[in-house]
Amino acid sequence: MSRYHETYANWQKNPDKFWEDAAQAIDWIKPWNKLFDPDAGVYGSWFVGAECNTCYNALDRHIAAGRGDQIALIHDSPITGALRKYTFNEVYEEVAALATVLTDRGVRKGDPVVIYMPMVAEAAFAMLACARIGAPHSVVFGGFASKELATRVEDVKAAAIISASCGIEPGRTIAYKPLLDGAIDLCTHEPDCCIILQRPQLECDLVEGRDIDYREAVDAAKAEKRFTDCVAVQATDPLYILYTSGTTGQPKGVVRDNGGHMVALAWSMGNEFGIEPGETFWAASDVGWVVGHSYIVYGPLLIGATTILFEGKPVGTPDAGTFWRIISEHKVRSFFTAPTAFRAIKKEDPDGEFIRKYDLSAFRCLFLAGERADPETVKWAEDKLRKPVVDHWWQTEIGYPVSQNPYGLGLLPQRYGSPGVIMPGFEVHILDDEGRRVEKPGTLGNVVIKLPLPPGCLPTLWNADARFFEAYLSEFPGYYKTADAGFIDKDGYLFIMSRTDDIINVAGHRLSTGAMEEVVAEHPAVAECAVIGISDPLKGQVPCGFIVLNRGARQTEEEIEKEIIASIREKIGAVAALKKVVVVLRLPKTRSGKILRATMQKIANNGEWVVPPTIDDPDVLDEIGRALDERNRRAVSA
Ligand code: COA
Ligand code: AMP
Numbered sequence: 001m002s003r004y005h006e007t008y009a010n011w012q013k014n015p016d017k018f019w020e021d022a023a024q025a026i027d028w029i030k031p032w033n034k035l036f037d038p039d040a041g042v043y044g045s046w047f048v049g050a051e052c053n054t055c056y057n058a059l060d061r062h063i064a065a066g067r068g069d070q071i072a073l074i075h076d077s078p079i080t081g082a083l084r085k086y087t088f089n090e091v092y093e094e095v096a097a098l099a100t101v102l103t104d105r106g107v108r109k110g111d112p113v114v115i116y117m118p119m120v121a122e123a124a125f126a127m128l129a130c131a132r133i134g135a136p137h138s139v140v141f142g143g144f145a146s147k148e149l150a151t152r153v154e155d156v157k158a159a160a161i162i163s164a165s166c167g168i169e170p171g172r173t174i175a176y177k178p179l180l181d182g183a184i185d186l187c188t189h190e191p192d193c194c195i196i197l198q199r200p201q202l203e204c205d206l207v208e209g210r211d212i213d214y215r216e217a218v219d220a221a222k223a224e225k226r227f228t229d230c231v232a233v234q235a236t237d238p239l240y241i242l243y244t245s246g247t248t249g250q251p252k253g254v255v256r257d258n259g260g261h262m263v264a265l266a267w268s269m270g271n272e273f274g275i276e277p278g279e280t281f282w283a284a285s286d287v288g289w290v291v292g293h294s295y296i297v298y299g300p301l302l303i304g305a306t307t308i309l310f311e312g313k314p315v316g317t318p319d320a321g322t323f324w325r326i327i328s329e330h331k332v333r334s335f336f337t338a339p340t341a342f343r344a345i346k347k348e349d350p351d352g353e354f355i356r357k358y359d360l361s362a363f364r365c366l367f368l369a370g371e372r373a374d375p376e377t378v379k380w381a382e383d384k385l386r387k388p389v390v391d392h393w394w395q396t397e398i399g400y401p402v403s404q405n406p407y408g409l410g411l412l413p414q415r416y417g418s419p420g421v422i423m424p425g426f427e428v429h430i431l432d433d434e435g436r437r438v439e440k441p442g443t444l445g446n447v448v449i450k451l452p453l454p455p456g457c458l459p460t461l462w463n464a465d466a467r468f469f470e471a472y473l474s475e476f477p478g479y480y481k482t483a484d485a486g487f488i489d490k491d492g493y494l495f496i497m498s499r500t501d502d503i504i505n506v507a508g509h510r511l512s513t514g515a516m517e518e519v520v521a522e523h524p525a526v527a528e529c530a531v532i533g534i535s536d537p538l539k540g541q542v543p544c545g546f547i548v549l550n551r552g553a554r555q556t557e558e559e560i561e562k563e564i565i566a567s568i569r570e571k572i573g574a575v576a577a578l579k580k581v582v583v584v585l586r587l588p589k590t591r592s593g594k595i596l597r598a599t600m601q602k603i604a605n606n607g608e609w610v611v612p613p614t615i616d617d618p619d620v621l622d623e624i625g626r627a628l629d630e631r632n633r634r635a636v637s638a
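This note's numbering applies: residue 1 is where the sequence shown begins, and numbers increase by one.
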């Protein structure tokens, strides 16, 4: 019997008691004066007046409780062949020594630190070292190139940057240092120092006076036993800032506080993911995404579980059996990845032959998130793994599952296409475009969460309270707008169908078409452009650019396309996966000049579309269809 309904009802009846009980899982330096203060912050603040330290809760207290020799973190890197296990004691020494290096360079409580790292253990150590000294970290995904990195360094006003000499992707080594130096050149704000981890695959030159060698500095601090203690921070102080795509090229700095975040994550580890202290949990994501923050680093360590940092791909490193090898070798209890990874595995190993080669007896449950889990992939995984498969829905802003089949509380019947029921702490509604509650189950509308958001969700955007209010709270007063469209069925299962803004989801990566449009528009041959997401069987969605050429543009369409693709890779990163640019005579617009991206998307996806009544000239839509067909024919004949 699932405890879900009873637990949700308990939260509804007495939310204060629910969160007070959950907060017992955390060690506080000073208790809170007010559990929730509706007058603090933009919509209220949790655990006001409390003092705590997230790094202390993730490391020191487990050591004090006798877990020092337990493995805390495993770095498994099939792409380099490296495997290294760190006990809680060892992680503590790495982190407390790096905290010393940071403070030696003048980084203090409240100073933001950008972390631009590949999937190495030092990325997690860097996050924890920042948490230790109360310096909010801002991790930038290693797949982003200079421009995206620069935007973040500039917006956050980084006091220091922690980075590495290179990242490694299948078949190529990516030199990070030129990207980092290029980004710093683009900024008006310059960080005081860069701490660079030299990787043996490709070392880099250090800038004298600014750069320091990560390993040398940390080892020196360790040798001298100069370990920095945790500082007390307010529960409401920022632990981190994580930039996420907005509708424009200016990403949004999602702020996460210390206290509420710890309480929410610790609660989710047991009740949602079913993980106990001492067990191994693995999220095969990247520290550059929210999944990496919540479920590679903080969630598992906060409860004294073992976590895995995986540097590799679901296929090709070396084969479609990598996931099963790791699950079997490290006795992973619960595993979390994106549906796209499963689609990649299914393509390579449709009969699941690799799965049968490994002993998965310790493995209990597969968790999927980051994009819609298509029923076919879920069923394939259930069939081949013979384990429960749990889809769950949340976002960078929220930090942990809003909707799930709560494995830890006891599974409810599976409903394909739905991430599940609503988790305690959240009251989710569907509103129509006028902001009215949709009463009839199954009616599609805007998915919103009733305020206040529970502990652990974003209190605001970095240095941008007004933008936070405008982007999330203003359209539907009293609610947080998720910018997802969906419905709730008669049994309370939520279905997420699409975004209501210009964000697309490419292989589980959240990307802004607005940011891509800004880069496409910089091409000298382009008069105007639109980037939309089109369906892709592997990645869910991929971007497709539509451009109108300047009169007199001399290059061929192929040449222009190639240059635009290269420019997106250089400025945003290869991860944007823009592979197609279509030349059109005109873009479809409303009479007020707004580009009709949603209609273009339907045409490109061969879906049903109707001519919008506001369109200026309906003939443009046929032109779009024809240009796309022509571009697709060109790809086939090539
Ligand atoms: N650093 C530098 N480049 C990176 C990168 C990183 N951290 N991550 C991806 N890239 C590059 C890739 O090398 C690739 O470059 P290419 O166009 O030159 O080949 C490009 O960005 C696209 O990468 P990716 O999205 O990984 O696509 P892929 O075709 O290489 O692999 C999958 C497809 C499905 C295997 C892969 O997307 C995947 O594992 N997805 C899971 C994503 C995930 O876990 N998301 C987190 C949400 S929970
Ligand atoms: P991110 O902030 O990168 O985690 O992306 C969040 C967005 O990804 C959500 O707003 C959804 O659009 C989408 N998403 C994430 N998980 C799911 C899921 N389980 N089902 C459907 N969409 C999802």
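Ideal placement from N, C-alpha and C gives every residue a C-beta, glycine not left out.
Please report how far the alpha carbon of D286 lies from the alpha carbon of V42, in whole angstroms.
-> Rounded to the nearest whole angstrom, the C-alpha separation of D286 and V42 is 30 Å.
Return yes when at least one heavy atom of the ligand AMP lies under 7 Å from the C-beta of P419, else no.
-> Checking every heavy atom of the ligand AMP against the Cβ of P419, one is found closer than 7 Å.
Nearest residue (CA-CA) to V263, options K490, G370, T173 and C457 = It is C457.
Below 8 Å, can you find three or more Cβ-Cβ pairs linking the stretch 305-312 to the stretch 70-90?
-> Yes: the two stretches touch, three or more of their Cβ pairs being nearer than 8 Å.
Alpha carbon to alpha carbon, how far is L206 from Y214? Give it in angstroms, no decimals.
-> Rounded to whole angstroms, the separation of the alpha carbons of L206 and Y214 is 11 Å.
Quick one: what's got a C-beta closer than 6 Å to Q266's C-beta in the same chain, skipping five residues either side?
-> A small fix is needed here, since residue 266 is Ala in this sequence, not Gln. Result list for A266: A25, L302 and I303, in chain order.
Under the DSSP definition of a beta bridge, which residues are partnered with H509?
-> DSSP lists V506 as partners of H509.
Pull up the distance between the alpha-carbon of A58 and that of A221, whole angstroms please.
-> When rounded, the separation of the alpha-carbon atoms in A58 and A221 is 21 Å.
Counted within 10 angstroms of its Cβ, other Cβ atoms place S146 as buried (16 or more) or exposed = Under this definition S146 is a buried residue.
For the candidate residues G607, V582, T599 and L621, whose alpha-carbon lies nearest to that of N632?
-> For the residues G607, V582, T599 and L621, the minimum Cα distance to N632 belongs to V582.
Beta-carbon gap between S138 and Y295 smaller than 8 Å | No, Cβ-Cβ distance for S138 and Y295 is not below 8 Å.
Does the distance from the CB of V107 to the CB of A135 come in under 8 Å?
-> Inclusion of V107 and A135 in the CB contact set at 8 Å is warranted, their separation being smaller than that value.
Got a sec, what are the start and stop residues for the beta strand (DSSP E) E169 sits in?
-> Residues C166 to E169.
Which whole runs of the beta strand (DSSP E) in the stretch 138-191 are 3 residues long or more, in chain order?
-> Counting whole runs of 3 or more residues, the stretch 138-191 contains the beta strand (DSSP E) stretches 160-164, 166-169 and 172-175.
Does the ligand AMP have a heavy atom nearer than 7 Å to the CB of I496?
-> At least one heavy atom of the ligand AMP is nearer than 7 Å to the Cβ of I496, so yes.
Pull up the DSSP beta-bridge partners for P543, would you.
-> As DSSP reads the structure, P543 sits in a beta bridge with G533.
Beta-carbon proximity check, A362 vs W393, cutoff 8 Å = Against a cut-off of 8 Å, the Cβ pair of W393 and A362 comes out as no contact.
Cβ-heavy atom distance, W289 to the ligand AMP, below 7 Å | Yes, since a heavy atom of the ligand AMP falls inside the 7 Å radius drawn around the Cβ of W289.
Which value, in whole angstroms, describes the spacing of the CA atoms of R333 and M269?
-> Their backbone Cα atoms lie some 12 Å apart in a straight line.
Would you say A574 touches the ligand COA, meaning its beta carbon is less than 7 Å from a heavy atom?
-> A574: yes, Cβ under 7 Å from the ligand COA.
Quick one: grab the DSSP three-state call for N605.
-> Looking at N605 - three-state DSSP - the assignment turns out to be coil, as it is neither helix nor strand.
S512: CB within 7 Å of a non-hydrogen atom of the ligand COA = Flag unset: Cβ of S512 not near the ligand COA.
Determine the direct distance from the alpha carbon of P454 to that of G425, and round the result to whole angstroms.
-> C-alpha of G425 to C-alpha of P454: approximately 5 Å in a straight line.
Going by C-alpha distance, which of G292, P251 and V506 is nearest A150?
-> Comparing Cα-Cα distances from A150 to each of G292, P251 and V506, the minimum goes to P251.
If you follow the alpha helix (DSSP H) that D391 is part of, which residue opens it and which one closes it?
-> For D391, there is no enclosing alpha helix (DSSP H); the enclosing beta strand (DSSP E) covers residues V389 to W393.
Is any heavy atom in the ligand SAM found nearer than 7 Å to the beta carbon of W324?
-> Only the ligand COA and the ligand AMP can be found as ligands here, which leaves the ligand SAM out of the picture.
Residue range of the alpha helix (DSSP H) that I327 falls in?
-> Counting along the chain, the alpha helix (DSSP H) containing I327 begins and ends at T322 to E329.
If you measure from the CB of N505, is any heavy atom of the ligand AMP nearer than 7 Å?
-> The ligand AMP approaches N505 closely enough that one of its heavy atoms is under 7 Å from the residue's Cβ.
To the nearest whole angstrom, what separates the beta carbons of I547 and V519, a pair I think is in contact under 8 Å?
-> No, I547 and V519 are not in contact; Cβ-Cβ is about 12 Å, not under 8 Å.
Assign E94 to one of two classes, buried (16 or more other C-beta atoms within 10 Å of its C-beta) or exposed (fewer than that).
-> Counting C-beta atoms within 10 angstroms of its own C-beta, E94 has 16 or more neighbours from the protein chains shown and is therefore classed as buried.
Run through DSSP, which three-state label would T377 get?
-> Assigned with DSSP and collapsed to three states, T377 falls in helix.
State the Cα-Cα distance for the pair D229 and I327, rounded to the nearest angstrom.
-> Our two residues, D229 and I327, have alpha carbons roughly 34 Å apart in a direct line.
Is DSSP giving C130 helix, strand or coil here?
-> Under the three-state reduction of DSSP output, C130 falls in the helix class.
Please name the residue, chosen from P178, V254, G66 and D192, that lies closest to A464 on a Cα-to-Cα basis.
-> For A464, the closest alpha carbon among the candidates P178, V254, G66 and D192 is that of V254.
Is the stretch 96-116 close to the stretch 156-173, with three or more CB pairs under 8 Å?
-> Short answer: they touch.
Identified DSSP bridge partners for S45 | Answer is D37.
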